[in-house]
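Numbering (this note's numbering), first residue to last: 2 to 226. Ideal Cβ placement from N, Cα and C applies to all residues, glycine included. Values in this document were obtained by computation on a predicted structure and should not be read as measured data. To start, the structure under review is shown below, and the notes come after it.
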């Protein structure tokens with residue numbers, strides 16, 4: 002589902018290239034929240050014994066230990082339904098949901114997918130991911146992180162705009178807060194962009210595609226006027 006003449010997904014609480022409901026979308030309503038809670042219940046029902054909190058804790062621990070959030074950071078899971086051949090599947094068919102891989106009785110799920118799907122409220126998601134960040138106490142560390150933390154490639158201009166944002170944050174708050182907290186906020190903003198790319202099925206994301214969830218600092222003044 003795309004906007005006319007662009008490759009951006011159409012805006013709205015149910016926007017997705019397949020028309021499926023996107024978890025944790027921007028303009029949430031009571032109806033959306035209810036539907037998302039039902040999707041979460043349906044997804045949890047596919048596990049043999051894992052709870053939502055246990056999945057989130059395990060996923061966050063693995064991400065923190067890995068030092069990055071790419072797709073190869075996975076946790077062991079136990080699903081009710083087995084498979085005969087090795088392949089990758091979505092937990093919920095036709096819905097942006099955690100991917101899992103299996104071989105015989107062994108099953109693994111992408112840790113970042115678990116956070117992006119089951120932590121549908123942005124405050125909870127941000128708090129979880131903030132604990133998973135490495136030390137980002139310098140501009141160089143933040144820039145390296147933005148270019149490598151995700152399996153979805155961030156285009157150079159998007160990284161440059163995020164770095165400008167970090168510089169502005171450092172100028173405003175750097176004298177009161179440690180640098181790793183200031184730069185960590187930019188990293189968490191990048192995670193929201195990455196989640197949007199994950200929902201939309203993008204393998205890479207540029208500045209234009211990120212605009213539904215993030216406004217570049219050079220455009221914020223123009224939008225207010």
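- Task: May I have the straight-line CA-CA distance separating residue 137 from residue 172, to the nearest angstrom?
- Result: Walking along the chain shown from the start, residue 137 turns up at place 136. Walking along the chain shown from the start, residue 172 turns up at place 171. CA-to-CA, the gap between residue 137 and residue 172 works out to about 16 Å.
- Quick one, are the C-beta atoms of residue 206 and residue 153 less than 7 Å apart? Counted from its first residue, the chain shown places residue 206 at position 205. Counted from its first residue, the chain shown places residue 153 at position 152. For residue 206 and residue 153, yes; Cβs fall inside 7 Å.
- Can you list, in chain order, the residues of its chain whose CB lies under 7 Å from that of residue 49, leaving out five sequence neighbours each side? For this step, residue 49 is matched to residue 48 along the chain shown. Closer than 7 Å at Cβ, skipping near neighbours: 79, 80 and 81.
- Task: Report the three-state DSSP secondary structure of residue 72 (helix, strand or coil).
- Result: Walking along the chain shown from the start, residue 72 turns up at place 71. Here residue 72 sits in coil by DSSP.
- Message: According to DSSP, simplified to helix, strand and coil, what is residue 205?
- Response: To locate residue 205, count along the chain shown from 1; it is residue 204. The answer is strand: DSSP assigns residue 205 an E or B state.
- Query: In the structure shown, what three-state DSSP assignment does residue 155 receive?
  - Reply: Position 154 of the chain shown, counting from 1, holds the residue named residue 155. Here residue 155 sits in strand by DSSP.
- Message: For the structure I just gave you, are there three or more beta carbon pairs, one from the segment 103-114 and one from the segment 35-48, closer than 8 Å?
- Response: When Cβ pairs closer than 8 Å are counted between the two stretches, the segment 103-114 is seen not to touch the segment 35-48, the count staying below three.
- Message: Suppose you measure from the CA of residue 75 to the CA of residue 213; what does that come to, to the nearest Å?
- Response: To locate residue 75, count along the chain shown from 1; it is residue 74. To locate residue 213, count along the chain shown from 1; it is residue 212. Approximately 28 Å, taken between the alpha carbons.
- residue 122 classed as buried or exposed, judged by whether at least 16 other C-beta atoms fall within 10 angstroms: As a first step, residue 122 is located in the chain shown; it is residue number 121 there, counting from the start. By the Cβ-count criterion, residue 122 is exposed, with fewer than 16 other Cβ atoms from all chains shown falling within 10 Å of its own Cβ.
- Tell me, to the nearest whole angstrom, how far the beta carbon of residue 149 is from that of residue 118; I am working on the premise that it is less than 8 Å. Residue 149 sits at position 148 when you count from the first residue of the chain shown. Residue 118 sits at position 117 when you count from the first residue of the chain shown. The Cβ separation is near 23 Å, so there is no contact.
- Task: Tell me residue 48's beta-bridge partners as DSSP assigns them.
- Result: Indexing the chain shown from 1 puts residue 48 at position 47. In DSSP, residue 48 forms a bridge with 80.
- Given residue 104 as reference, the closest of 58, 77, 133 and 124 once Cα atoms are compared: Taking the chain shown and counting its residues from 1, the one referred to as residue 104 is at position 103. When each option's Cα is compared against that of residue 104, the closest is 77.
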